[in-house]
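Chains as they are written, first to last, in this note's numbering: chain D, 67 to 189; chain Z, 67 to 189.
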């Protein structure tokens, strides 16, 4: 799931560049969970989208390599890590907020996010 | 490239739902081109990201099935189509604008979009 060296960028278009980091079905779902306070592997696995262990492992490694998240050990024996957003990862919040507005407008069955999420601002 | 029937949604989370439509490396690049006035297959192929014919064919079919774009014939013999954004597709503009702000902030080598793009508002 993880490529140790990222491909050469397709262009310096800011949209294409952003998609090199988050242009897949899962990365922004994990960022959503982190913004909502989840920190641990088992917490991400428990989200309603039912990400698989393999995909989650790969995405977390990619996101760490890309500087979107940081990993720290919270337990040894057995070793367990928790994950936190970096400033770069947390700054994706407005992208997520606009995705919420789009989905809520065109797919009325989608959940309305809490106001606290929609009103949050990045630093 | 195209699945005639879309998978069942992973959840009714508006972020996960949006990613069912645009959670890949190419769809939002094509939407960018359409917002910038491109209409024809050869114009999308000419963009700096060098999408391949196969991927472009698949993405356009997916986007039409999902109601993000509409296809009309502009020529017969040989038959040629042009593509336009629907209201649903055009309403992804704010997602693209936020991706531009994010990339410009964290990846200084990325292009600055024209002000006309960043100041555009959806209906």
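Backbone N, C-alpha and C define an ideal beta-carbon position, used for all residues, glycine too.
**Item:** Partner residues on chain D for residue 158 of chain Z, Cβ-Cβ distance less than 7 angstroms
**Value:** 168
**Asked** alpha helix (DSSP H) containing residue 169 of chain Z: first to last residue?
**Response** 159 to 172
**Request:** Could you please tell me which residues of the segment 87 to 104 of chain Z, in chain order, have their CB closer than 7 angstroms to any CB of chain D?
**Result:** 89, 90, 91, 94, 95, 98
**Euclidean distance between Cα positions of residue 79 of chain D and residue 163 of chain Z** = 12 angstroms
**residue 116 of chain Z and residue 147 of chain Z closer than 9 angstroms at C-beta** = no
**Anticipated Cβ contact below 8 angstroms, residue 188 of chain Z with residue 156 of chain Z, distance rounded** = 6 angstroms
**Asked** What is the DSSP secondary structure of residue 151 of chain Z, counted as helix, strand or coil?
**Response** strand
**Request:** Leaving out five residues on either side along the sequence, give the residues of the same chain with a beta carbon under 6 angstroms from the beta carbon of residue 179 of chain D.
**Result:** 166
**Asked** residue 84 of chain Z: which of D:122, D:89, D:82 sits nearest, CA to CA?
**Response** D:89
**Asked** Quick one, are the C-beta atoms of residue 110 of chain D and residue 99 of chain D less than 9 angstroms apart?
**Response** yes
**Request:** Taking only beta-carbon positions, decide if residue 122 of chain Z is within less than 9 angstroms of chain D.
**Result:** no
**Item:** Close Cβ partners of residue 181 of chain D (< 7 angstroms) along its chain, the five nearest in sequence each way excluded
**Value:** none
**Endpoints, the alpha helix (DSSP H) within which residue 121 of chain Z is located** = 119 to 131
**Message:** Could you check whether the Cβ of residue 114 of chain Z sits closer than 8 angstroms to any heavy atom belonging to the ligand SAM?
**Reply:** Here there are no bound small molecules, and the ligand SAM is not part of this structure.
**Message:** For residue 152 of chain D, tell me which candidate among D:131, D:169, D:141 has the shortest Cα-Cα distance.
**Reply:** D:131
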